[in-house]
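Participant:
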Amino acid sequence: MFDPAIVRPALVDSFRKLAPRTQLRNPVMFCVYIGSILTTILWLAALGGQAEAPAGFILAIALWLWFTVLFANFAEALAEGRSKAQAASLRSAKHNVVAKKLNAPHPKAPIQIVASTDLRKGDVVLIETGDVVPADGEVIEGVASVDESAITGESAPVIRESGGDFSSVTGGTRVLSDWIVVRVSVNPGEAFLDRMIAMVEGAKRQKTPNEIALTILLVALTLVLLFATATLLPFSMFSVQTMKAGHVVTITALVALLVCLIPTTIGGLLSAIGVAGMSRMMQANVIATSGRAVEAAGDVDVLLLDKTGTITLGNRQASAFMPGPWTSEQELADAAQLSSLADETPEGRSIVVLAKQRFNLRERDMGSLHATFLAFSAQSRMSGVDLPGREIRKGAADSVKQYVESHGGRFPAELDAAVADVARRGSTPLVVADRQGDVVRALGVVELKDIVKGGIKERFAELRKMGIKTVMITGDNRLTAAAIAAEAGVDDFLAEATPEAKLSMIRSHQGEGRLVAMTGDGTNDAPALAQADVAVAMNSGTQAAKEAGNMVDLDSNPTKLIEIVEIGKQMLMTRGSLTTFSIANDVAKYFAIIPAAFATTYPQLRVLDVMHLNSPSSAILSAVIFNALIIVALIPLALKGVKYRALGAASLLRRNLLIYGLGGILLPFPFIKLIDVILKAFGWV
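Each residue of the sequence shown is one higher than the last, beginning at 13 in our numbering.
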């Protein structure tokens with residue numbers, strides 16, 4: 013957070029941001045900026061003999077007001093500096109390379125060597141082994157292994173091929189093997205990396221609706237306090253003239269009072285909180301194409317989650333051996349393992365592992381078996397192994413049943429019932445049969461289960477506490493979908509999902525006033541992604557999906573959607589917590605400055621001097637110093653964010669009021685008193 017490589021530029025930017033046009037973007041801090049200029053002018057006037065207060069006191073107030081502005085600038089510059097460092101890593105992935113432009117969309121068409129910056133949308137290029145992808149596009153012919161580590165940070169190469177949901181390539185990645193023909197989908201300056209760099213740097217960061225609403229509230233509060241403070245001068249002049257006692261309140265004291273009472277803490281940190289929210293997304297390897305998307309993630313109350321890869325592991329795993337009426341469980345496990353020894357699918361490997369775990373079946377001598385393995389085929393829907401005098405087959409229930417009956421065997425009713433039970437639970441039944449000579453037997457059923465990810469049910473329970481509804485999207489039939497939904501603990505599910513059904517569901521929830529988040533990677537997901545409030549496109553997906561979404565997950569991990577929502581919630585929690593603290597700690601500064609400024613005119617106000625500060629000038633200066641230093645103290649919290657907790661809105665409000673509200677009121681008292689003691693000890697007041 014405080015890396016010198018980031019801090020040094022941030023210190024320089026703090027002074028650059030003193031430009032009036034920059035300060036005007038933040039109305040609250042602009043008031044402090046004007047107060048700094050005014051007190052500086054008053055100090056110069058005091059040096060010229062027109063003193064309303066001691067020149068040293070005015071100078072001290074002016075300096076600390078300037079520090080307040082600089083500290084707020086530093087918080088924003090530090091947040092932007094972290095984003096710029098992340099953008100630099102993205103920029104390093106950009107290469108101005110030569111491209112092999114084709115005159116026709118075919119690898120044997122004439123090639124024209126051009127610079128990547130000369131490519132335009134619709135151009136077709138050939139990319140071969142070792143070539144850098146010159147621009148974003150879609151693979152229209154060929155298949156290749158692509159190194160995307162410069163973008164995703166993941167060292168493992170990925171396959172990109174024409175057709176399907178994995179046809180998108182990104183400029184700056186490198187082809188490791190084979191070749192592809194790519195149709196360029198963007199013009200120079202519009203590429204994925206260009207847009208991401210601009211967003212990460214914050215150059216195009218727009219204020220989010222909540223941020224705008226909060227800014228309006230802070231401006232309204234500042235205006236009320238400004239008008240209230242302005243009326244204090246004539247009241248003071250009237251009182252002194254009428255009572256013939258006391259001193260008229262100074263302009264310097266009124267400026268200090270205004271700065272300490274307006275919400276400068278949150279005003280100075282508000283922009284940094286927004287930039288830091290996008291930065292935290294980037295740390296999660298998610299690039300938000302708008303700040304609004306980050307905030308919307310915090311407001312989401314419906315999550316649409318794909319079953320495969322998000323809720324389940326995506327690979328069916330063997331979970332149980334269910335023997336037939338004349339077979340033991342160990343005999344079934346032995347036969348199932350034998351037929352799976354050469355099966356490299358996740359399902360086949362899981363059968364081998366389950367047999368080892370249950371019956372310690374291991375260390376088979378493949379040479380002594382004299383086995384001939386049969387690979388799975390779509391025609392037979394079976395695989396298996398041929399041993400001397402014995403055949404073992406495993407596969408779909410109807411295919412194995414036909415195999416048994418065609419060889420004169422009988423398929424028992426008990427196995428039919430077992431197959432039905434497995435299917436009803438949402439699992440996949442795999443039947444194993446054995447043939448020795450003329451004897452053919454159906455040995456039993458292996459249950460392949462789509463394993464629900466560990467801890468996912470607890471995460472859904474946390475989301476439910478926060479008022480977020482989870483909906484599982486799957487192409488499975490309703491029976492299977494219902495079983496998995498019940499095990500995972502989701503609130504609802506959409507079975508046999510089509511693009512039209514997804515779009516209809518999103519619109520239905522939005523019609524009820526809900527905000528919807530979803531992930532997708534295919535062209536068929538694009539309509540739903542475009543409709544969703546938070547749409548996370550997989551980086552491995554198609555260009556259409558990435559264009560439709562407002563976030564891109566560089567890791568292409570569908571589970572990331574839950575983390576994205578948590579980051580959005582954390583940003584809103586941080587903003588709410590610091591707003592509560594900022595408004596609350598103004599109360600303590602009121603007790604410090606009001607008695608100091610007006611006690612000579614209104615002696616009754618001394619009862620408010622609960623801190624028993626040394627002198628009026630010490631009280632005012634102590635409050636101004638605390639007001640500046642608290643911004644610095646809260647910068648780490650603004651950038652890192654308050655700790656995420658799965659709480660509902662009501663619970664969160666109570667927690668904020670207790671910790672940040674009560675803490676905001678109590679914390680300034682001891683620290684203002686400490687500053688007052690230090691000022692007196694050094695004789696600075």
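Don't be surprised by glycine CBs; every beta carbon is placed ideally from N, CA and C.
1. Between the alpha carbons of Leu138 and Asn551, how many angstroms are there, rounded?
2. According to DSSP, what are the bridge partners of Arg453?
3. If you follow the alpha helix (DSSP H) that Phe385 is part of, which residue opens it and which one closes it?
4. From the DSSP output, in three-state form, read off Asp398 for me.
5. State whether the region 400-418 contacts the region 454-462, with contact taken as three or more CB pairs (one from each stretch) at a distance under 8 Å.
6. Can you tell me the Cα-Cα spacing of Ser634 and Gly675, whole angstroms?
7. What is the rounded straight-line gap between the Cα of Phe610 and the Cα of Leu617?
8. Just mark Ile518 as buried or exposed, buried being the case when its beta carbon has 16 or more other beta carbons within 10 Å.
9. For Glu512, report the span of its beta strand (DSSP E) as first-last.
10. Using DSSP with H/G/I as helix, E/B as strand and the rest coil, what is Asp135?
11. In terms of alpha-carbon separation, which member of Gln35, Ala268 and Val144 lies closest to Pro628?
12. With H, G and I counted as helix, E and B as strand and the rest as coil, what does DSSP make of Glu341?
13. How long is the line joining the alpha carbons of Asn562 and Leu527, rounded to whole angstroms?
14. Who are the Cβ neighbours of Ala74 in its own chain at under 7 Å, not counting the five residues just before and after it?
15. Could you compute how far the alpha carbon of Met583 sits from the alpha carbon of Ile605?
16. Near Ser351, which residues of its chain fall below 6 Å by C-beta distance, leaving aside the five closest residues on each side in sequence?
17. Which stretch, first to last residue, makes up the alpha helix (DSSP H) that contains Arg587?
18. Tell me whether the region 313-321 and the region 472-488 touch, counting them as touching only if at least three CB pairs, one residue from each stretch, are closer than 8 Å.
19. Below 8 Å on the Cβ atoms is my contact criterion, and I expect Phe86 with Leu36 to pass it. Report the Cβ-Cβ distance as a whole number of Å.
20. Roughly how many whole angstroms lie between the Cα atoms of Lys368 and Ala661?
21. Taking only the alpha-carbon atoms, compute the straight-line gap between Leu235 and Leu281 and give it to the nearest angstrom.
22. So, at 7 Å on beta carbons, what are the nonlocal neighbours of Leu244 in its own chain, with the 5 sequence-adjacent residues on each side left out?
23. Per the contact definition of three or more C-beta pairs closer than 8 Å, is the region 569-588 in contact with the region 279-297?
24. My understanding is that Pro169 touches Asp159, with C-beta atoms under 8 Å, so please give their C-beta distance in whole angstroms.
25. How many whole angstroms separate the CB atoms of Met723 and Leu670, which I take to be in contact at a CB cut-off of 8 Å?
26. Under 8 Å Cβ to Cβ from Ala257, same chain only, skipping five residues before and after it: list those, please.
27. Which residues bound the alpha helix (DSSP H) around Ala693?
28. Between the beta-carbon of Ala557 and the beta-carbon of Gly532, is there less than 8 Å?
29. In or out: Met530 buried (at least 16 other Cβ within 10 Å) or exposed?
30. So the candidates are Val644, Glu150 and Pro122; which of them puts its Cα closest to the Cα of Phe178?
31. Give me the Cα-Cα distance between Val198 and Ile125, rounded to the nearest whole angstrom.
32. Could you give the DSSP three-state label for Lys216: helix, strand or coil?
33. What residue does the beta strand (DSSP E) around Val528 start on, and which one ends it?
34. Could you tell me the distance, in whole angstroms, from the CA atom of Phe681 to the CA atom of His624?
35. Can you give me the Cβ contacts of Ala58 inside the same chain, cut-off strictly under 6 Å, excluding the 5 residues immediately before and after it?
36. Counting only the same chain and skipping the five closest in sequence on each side, list residues whose C-beta sits under 6 Å from that of Thr492.
Facilitator: Short version:
1. Their backbone Cα atoms lie some 21 Å apart in a straight line.
2. Arg422 and Asp446, per the DSSP bridge assignment.
3. DSSP places Phe385 outside any alpha helix (DSSP H); the residue lies instead in the beta strand (DSSP E), whose first and last residues are Thr384 to Leu386.
4. In the displayed model, Asp398 falls within a strand according to three-state DSSP.
5. Contact holds: three or more Cβ-Cβ distances are below 8 Å.
6. When rounded, the distance between both Cα atoms is 19 Å.
7. For Phe610 and Leu617, the gap between their C-alpha atoms comes out near 7 Å.
8. Ile518 is buried by the Cβ-count criterion.
9. Counted as a single uninterrupted DSSP element, the stretch harbouring Glu512 is not any beta strand (DSSP E) but the alpha helix (DSSP H) occupying residues Pro511 to Gly523.
10. It is coil, neither helix nor strand.
11. Checking every option, the nearest Cα to that of Pro628 belongs to Ala268.
12. In this structure, Glu341 counts as helix in the three-state DSSP scheme.
13. Cα to Cα, Asn562 sits roughly 14 Å from Leu527.
14. Exclusion of the five residues before and after Ala74 leaves Ser48, Thr51, Thr52 and Trp55 as the residues of its chain whose Cβ lies within less than 7 Å of its Cβ.
15. One C-alpha to the other measures close to 33 Å.
16. Cβ within range, chain order: Gly396, Val397, Ile404 and Lys406.
17. Per DSSP, Arg587 is one residue of the alpha helix (DSSP H) stretching across Lys572 to Phe610.
18. The region 313-321 vs the region 472-488: in contact.
19. Their Cβ separation, rounded to whole angstroms, is 19 Å, which puts Phe86 and Leu36 out of contact at 8 Å.
20. Cα-Cα distance, rounded: 50 Å.
21. If you take the alpha carbons of Leu235 and Leu281, they lie about 19 Å apart.
22. Correct list, in chain order: Val261 and Leu266.
23. In the pairwise beta carbon analysis, the region 279-297 is classified as touching the region 569-588: at least three pairs are separated by under 8 Å.
24. Contact flag correct, Cβ pair sits at about 5 Å.
25. The structure shown has nothing for residue 723, since the chain only spans 13 to 697.
26. Answer for Ala257: Thr612 and Thr613, listed in chain order.
27. For Ala693, the enclosing alpha helix (DSSP H) starts and ends at Pro680 to Ala693.
28. It is a contact, given that the beta carbons lie within the stated cut-off.
29. Burial check for Met530: the Cβ neighbour count within 10 Å reaches 16 or more, so the residue is buried.
30. Closest by C-alpha distance to Phe178, out of Val644, Glu150 and Pro122, is Glu150.
31. Just so you know, the alpha carbons of Val198 and Ile125 end up roughly 19 Å apart.
32. Low confidence applies to Lys216: its pLDDT is 47, below 50, so where it sits in the model is not reliable, and the reading given next is rough at best. DSSP, reduced to helix, strand and coil, places Lys216 outside both helices and strands of the structure shown, so it counts as coil.
33. Boundaries of the beta strand (DSSP E) around Val528: Val528 to Gly532.
34. Separation of Phe681 and His624 (C-alpha to C-alpha, rounded to the nearest whole angstrom) is 11 Å.
35. Here the set comprises Ala67 and Ile70.
36. The residues are Gly438.
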